[in-house]
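One line per chain: the protein sequences are U and B, in this order. Mapped onto the numbering used here, the consecutive letters of the first sequence carry residue numbers 1 to 436. Mapped onto the numbering used here, the consecutive letters of the second sequence carry residue numbers 1 to 436.
Number of protein chains: 2
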Amino acid sequence: MEAQRVKIALIGFGTVGSGLVKILQDNAEHILHKTSLQLELAHVVDKDLNRPRPVKLPKGLLHNDLERVLADKQVTVAVELVGGTTTAGEITIKLLRAGKDVVTANKALLAERGREIFETARQCGRCVAFEGSCCGGLPVVGAIRKGLAANKISAMYGIVNGTCNYILTEMSKKGKEYAEALQEAQQRGYAESDPMLDVTGTDSAHKLTILAALAFGEEVDFNSIEVQGIDKVQLADIRFGWEMGYAMKLLAIAEQSQKGLSLRVHPSFITQEAPLAQVSGPFNAISIFGDAVGHTSYYGQGAGMMPTASAVVADIIEVAQGNALRCFAATPGLGRPGKSARICPAEEINSRFYIRLSLVDQPGVFAQVGKILGDRAISISSCLQHEGESPDCVPVVFMTHPARKGDVDSALKELAQLEVSKAKPVCIPIVTPPEN
Amino acid sequence: MEAQRVKIALIGFGTVGSGLVKILQDNAEHILHKTSLQLELAHVVDKDLNRPRPVKLPKGLLHNDLERVLADKQVTVAVELVGGTTTAGEITIKLLRAGKDVVTANKALLAERGREIFETARQCGRCVAFEGSCCGGLPVVGAIRKGLAANKISAMYGIVNGTCNYILTEMSKKGKEYAEALQEAQQRGYAESDPMLDVTGTDSAHKLTILAALAFGEEVDFNSIEVQGIDKVQLADIRFGWEMGYAMKLLAIAEQSQKGLSLRVHPSFITQEAPLAQVSGPFNAISIFGDAVGHTSYYGQGAGMMPTASAVVADIIEVAQGNALRCFAATPGLGRPGKSARICPAEEINSRFYIRLSLVDQPGVFAQVGKILGDRAISISSCLQHEGESPDCVPVVFMTHPARKGDVDSALKELAQLEVSKAKPVCIPIVTPPEN
């Protein structure tokens, strides 16, 4: 088969951009052998021309003039690795209008301005490819769109932010406090110097927006996702949960039920035997449940220079082979007119819950608590109170059977108002994926 | 986007064929929504027209005349689910020559007659799609070919036969003997009534042939794979290994080293913390290591009516969108002229080993064993002998540091000839995937 030359423009020469350059330099021959494509960088555009980078470019390749890319008819694929949602959005739209297919790893852009970007692509007869936007090198976008295309997907549970998973792993396994674990994540380069997007759960919600649109074939509104991060997690709850057989993970969750699609990101307890509980450190994993295929799960490095660049190159290949355009054109939920997802109201979610109360140790307290829960048909599946705590304020942990979230919220409100309650109750959902 | 009608012929109306019919009946609208493809069964061909099946077909669809399919120009995609390597091969070649793209889940056919099938497809300008041939619904063929295309792959470790994994799980967790666990696997429908292809490792080797060709971009000769099944595994070794921190799995292994590509299937010990050690029952999983992406891993149901049918439908979609043909045409190692893999000779493999000897309990025995190992620079990393065994024949277990397999084989030969050795030594490789 004759080799096909593909001229590529890279916009944004940062960490992942450097990884992309490295792969194109080191593995060009290998990629040519495996795909018959000769991938060639024709432009590298960045406003900063002088910053030291881990890779060297041939003279003349790096410049700061996007117009040159737009005007270069030989460039058919442009890679947007600028980051952020403003400049990156304008650049992406310009590239599409100039007739380029765009590969991007920018989850914030696609989650927050996806409709505009995708509609522009359709109007221009071009496509946007974004394997690198979710879970770095883990080819989960392809798995959902293609490998599982025959399935009605009922649920997805993902550990999709490596920073948060690293922090929770350190807290769980080494008993570190949140602040210490966060600092370590920053020192190791997992967390940004401003880690807010990660620890507040926003980054996970960005990825969930994209993955859910693909999985359910419906447009998903980023703002409809309930998001809670790990920044308020207390070591005490990780310990109590662990003692009761559960590991804490920040999960991005999509569940289809009769009441609609529930999309949420929150710290969650999962049984220690669950495959997701074994995912530690900065790794990512997603469990997906389809009606034909049952349970499949995907594990790998969800971020970083080389894993993300690996996904970007995979997209460039799909674009160059023409597969990405056909697939994009046919995919609903990406700027194609269609129904928006019917969202399950938060209070209608059915889940088990971990509830920690801080109670005065005196007779009759359990009866008061039991009544509040029982009145709402919230049934307790297990309970834990240690001896030897100060009688003024004893932590008591309850695990419930499945209950309606609205009922639990109302119980928590009443529990907080009890005179014997000495601190705000802590409530963490226990997530139970379907049996296989 | 306008819907595209796709007329499909199914050849072989058995278990997976019934699963395919079920998906096309139940999920047609869903697939249309997600892909703009209207998938329609135009023919179902089987020599047995009367056997009861779990799905119902419209009148006239089922017949036994392949010629009608070959002559039907509206049929562009044919699905071969006949099984076996003779009739299935002839049918596949006829279908390709009649201008149909072929989707198959037949790993034996592709592993043993792949070159002929793939070359025919190329000559006819058609393609063969085979996601269902490896690990059922788990989209690992797509992950290797597309998601990881940018990577030089250094190693793959797969639990790719659910029957064997079920048997080993029952032996490990419940202390069952091999024969009992096998019988149970048959009763549960995991194993065929003739389970030889599974338990001898042949089925795993079939899958390894296909996956390695894709991963390394080189033609792989099925007969070059060293295969050992689980049919000789003894419960005693599973127990000793577990006690020393290792789980036994039947692994299909591909490792690239300076001495060439090592391809092998054998019972293996892996550390209990490894993600693959957590894979139990009939599930499959594959860990793949790429130079850019690092470690990624894929988990799911590797066989069965619905999971395999899920993969078959994914392939039909890829074929109908035209992606499969482009991808097939560009992929080396599938009947495209190119280099064959340089195979690492078995004796040159470097591995750790578990060795169990049955020794007379008398002074000087350890010295004799130690000398035989030491003479070949085989270093012991741990050792286990329980008290209270019969002095006539004591099981003694050694775990080695990495050693050359040829040296270990020669040591085993000499150990077997020792007068104090009362049974043939047992030797099981300890597999150590790369860090990360």
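We put the beta carbon where it would ideally sit given N, CA and C, even for glycine.
Where do the N-terminal and C-terminal ends of the alpha helix (DSSP H) with Asp101 of chain U fall, by residue?
Here residue 101 of chain U refers to the residue found at position 101 of the first sequence. Taken as a continuous stretch (DSSP letters only), Asp101 of chain U belongs to no alpha helix (DSSP H), being part of the beta strand (DSSP E) at Asp101 to Thr104.
When we look at the beta-carbon of Asp194 of chain B and count the other beta-carbons within 10 Å, is it buried (16 or more) or exposed?
Here residue 194 of chain B corresponds to residue number 194 of the second sequence, with the count starting at 1. Asp194 of chain B should be labelled exposed.
Of all the CB atoms in chain B, is at least one closer than 7 Å to the CB of Val293 of chain U?
The residue labelled residue 293 of chain U in the question sits at position 293 within the first sequence. Taking Cβ atoms only, chain B reaches closer than 7 Å to Val293 of chain U, which makes this a yes.
According to DSSP, is Thr164 of chain U helix, strand or coil?
By one-based count along the first sequence, residue 164 of chain U stands at place 164. It should be noted that the sequence gives Cys, not Thr, for residue 164 of chain U. In the structure shown, Cys164 of chain U sits in a helix (DSSP, three-state: H, G or I).
With distances taken Cα to Cα, identify the nearest neighbour of Leu263 of chain U among U:Ile270, U:Pro425, U:Ala254 and U:Gly189.
If you number the first sequence from 1, residue 263 of chain U lands on position 263. Taking only the C-alpha atoms, the option nearest Leu263 of chain U is U:Ala254.
Relative to the C-alpha of His401 of chain U, which candidate in U:Pro395, U:Ser381 and U:Lys413 has its C-alpha closest?
Within the first sequence, residue 401 of chain U is the residue found at index 401, counting from 1. For the residues U:Pro395, U:Ser381 and U:Lys413, the minimum Cα distance to His401 of chain U belongs to U:Ser381.
So, for Arg145 of chain B: in the same chain, excluding its five sequence neighbours on each side, which residues have a beta-carbon less than 8 Å away from its beta-carbon?
Translated into the one-based positions of the second sequence, residue 145 of chain B becomes position 145. Leu214, Cys327 and Thr331, listed in sequence order.
Inspect the beta-carbon positions of Ala129 of chain B and Ala324 of chain B and report whether they are closer than 7 Å.
What you label residue 129 of chain B is simply residue 129 of the second sequence in a count that begins at 1. What you label residue 324 of chain B is simply residue 324 of the second sequence in a count that begins at 1. Contact: yes.
At the 7 Å Cβ level, is Asn151 of chain U part of the contact set with chain B, yes or no?
For the purposes of this step, residue 151 of chain U is taken as the residue at position 151 of the first sequence. Asn151 of chain U counts as touching chain B.
Could you tell me which residues DSSP puts in a beta bridge with Pro267 of chain U?
In the first sequence, the residue the question calls residue 267 of chain U occupies position 267. According to DSSP, Pro267 of chain U bridges with U:Leu250.
Are the C-beta of Gly137 of chain U and some C-beta of chain B separated by less than 7 Å?
The residue labelled residue 137 of chain U in the question sits at position 137 within the first sequence. With 7 Å as the cut-off, Gly137 of chain U counts as an interface residue toward chain B.
Tell me which same chain residues have a C-beta within less than 6 Å of the C-beta of Pro282 of chain U, skipping the five on either side of it?
Here residue 282 of chain U refers to the residue found at position 282 when the first sequence is read from its first residue. Closer than 6 Å at Cβ, skipping near neighbours: Gly162, Tyr166 and Tyr190.
Please tell me whether Asn106 of chain U has its Cβ less than 7 Å away from any Cβ of chain B.
Your numbering for residue 106 of chain U matches position 106 in the first sequence. False, the Cβ-Cβ gap to chain B never drops below 7 Å.
Rounded distance between the beta-carbons of Val75 of chain B and Lys47 of chain B, thought under 8 Å:
Looking up residue 47 of chain B in the second sequence gives position 47. Looking up residue 75 of chain B in the second sequence gives position 75. Wrong, their Cβ atoms sit about 19 Å apart, outside the cutoff.
Which of the three DSSP states is assigned to Tyr190 of chain B in this structure?
Within the second sequence, numbered from 1, the residue matching residue 190 of chain B stands at position 190. Residue state, collapsed to three classes: coil.
CB-CB length for Phe222 of chain B against Glu112 of chain B, believed under 8 Å
Residue mapping note: residue 222 of chain B aligns to position 222 of the second sequence, counting from 1. Residue mapping note: residue 112 of chain B aligns to position 112 of the second sequence, counting from 1. 6 Å between Cβ atoms; contact.
Going by C-alpha to C-alpha distance, which of U:Ser287, U:Ser133, U:Ala181 and U:Gly245 sits closest to Ile430 of chain U?
Within the first sequence, residue 430 of chain U is the residue found at index 430, counting from 1. Here the closest residue by C-alpha is U:Gly245.
Using the Cβ count rule (16 or more neighbours within 10 Å means buried), how would you classify Thr15 of chain B?
Here residue 15 of chain B refers to the residue found at position 15 when the second sequence is read from its first residue. The residue is buried, with at least 16 neighbouring Cβ atoms inside 10 Å.
Please go through the same chain and pick out, in chain order, the residues whose beta-carbon is closer than 6 Å to the beta-carbon of Leu109 of chain U, but skip the five residues on each side of it.
In the first sequence, counting from the first residue as 1, residue 109 of chain U sits at position 109. The answer, listed in chain order, is Thr85, Ala88 and Gly89.
Quick check: the Cα distance between Gly304 of chain U and Ala150 of chain B, rounded to an integer number of angstroms?
Residue 304 of chain U sits at position 304 when you count from the first residue of the first sequence. Residue 150 of chain B sits at position 150 when you count from the first residue of the second sequence. Answer to the nearest angstrom: the Cα atoms are 15 Å apart.
Which listed residue (U:Ala411, U:Ala252, U:Glu348 and U:Gln258) has its alpha carbon closest to that of Arg404 of chain U:
Position 404 of the first sequence, counted from the start, is the residue given in the question as residue 404 of chain U. Minimum Cα distance to Arg404 of chain U is reached at U:Glu348.
Contact set for Leu276 of chain U: own chain, Cβ-Cβ below 7 Å, skip 5 residues either direction:
Translated into the one-based positions of the first sequence, residue 276 of chain U becomes position 276. Contacts found: Tyr157, Ile159, Lys249, Ile270, Ala285 and Ser287.
Just checking my contact of Pro139 of chain B with Leu148 of chain U at CB under 8 Å: how many whole Å lie between their CB atoms?
If you number the second sequence from 1, residue 139 of chain B lands on position 139. If you number the first sequence from 1, residue 148 of chain U lands on position 148. Correct: roughly 7 Å between the Cβ atoms.
Interface flag, Lys174 of chain U vs chain B, CB-CB below 7 Å
Here the question's residue 174 of chain U lines up with position 174 in the first sequence. No, Lys174 of chain U lies away from the interface with chain B (no Cβ there is under 7 Å from its Cβ).
Using a Cβ cut-off of 7 Å (strictly closer), state whether His33 of chain B contacts chain U.
Looking up residue 33 of chain B in the second sequence gives position 33. Closer than 7 Å: yes.
Using DSSP bridges, identify the partner residues of Glu119 of chain B.
In the second sequence, residue 119 of chain B corresponds to position 119, counting from 1. DSSP lists no partner for Glu119 of chain B.
Report the neighbours of Glu40 of chain B on chain U: residues whose CB is nearer than 9 Å to its CB, in chain order.
Stepping through the second sequence from its first residue, residue 40 of chain B is reached at position 40. Simply none; closest approach about 15 Å.
Anything in the stretch 296-320 of chain U with a Cβ closer than 7 Å to a Cβ of chain B? List those residues in chain order, please.
Thr296, Ser297, Tyr298, Tyr299, Gly300, Gln301, Met306, Pro307, Ala309, Ser310, Val313, Ala314, Ile317 and Glu318
Reduced DSSP secondary structure (H/G/I, E/B, other) of Ile430 of chain B:
Here the question's residue 430 of chain B lines up with position 430 in the second sequence. Reduced to three states, the DSSP call for Ile430 of chain B is strand.
Amino acids of chain B, ordered along the chain, whose beta-carbon sits closer than 8 Å to that of Ile23 of chain U:
Translated into the one-based positions of the first sequence, residue 23 of chain U becomes position 23. Here the neighbours are Ala150 and Ala292.
Anything in chain B within Cβ reach of Gln123 of chain U, meaning under 9 Å, just list it in chain order.
To locate residue 123 of chain U, count along the first sequence from 1; it is residue 123. By Cβ distance, chain B contributes nothing, its closest Cβ being about 14 Å from Gln123 of chain U, past 9 Å.
Measuring CB atoms only, is the stretch 53-61 of chain U touching the stretch 20-27 of chain U, in the sense that at least three cross pairs come out at less than 8 Å?
yes
Could you tell me the boundaries of the alpha helix (DSSP H) in which Arg326 of chain B lies?
Start at 1 with the first residue of the second sequence, and residue 326 of chain B comes out as number 326. Start and end: Asn323 to Ala330.
Chain B contact residues for Glu131 of chain U, given Cβ-Cβ distances below 8 Å
As a working mapping, residue 131 of chain U is identified with position 131 in the first sequence. Those are Gly147, listed as they occur along chain B.
Cβ of Gly217 of chain U within 7 Å of any chain B Cβ
Sequence index remark: in the first sequence, residue 217 of chain U carries index 217 (1-based). Answer yes: the Cβ-Cβ gap between Gly217 of chain U and chain B drops below 7 Å somewhere.
Output yes or no for whether 7 Å exceeds the beta carbon distance between Pro307 of chain B and Gly125 of chain B.
The residue given as residue 307 of chain B occupies position 307 in the second sequence. The residue given as residue 125 of chain B occupies position 125 in the second sequence. Contact flag unset, no.
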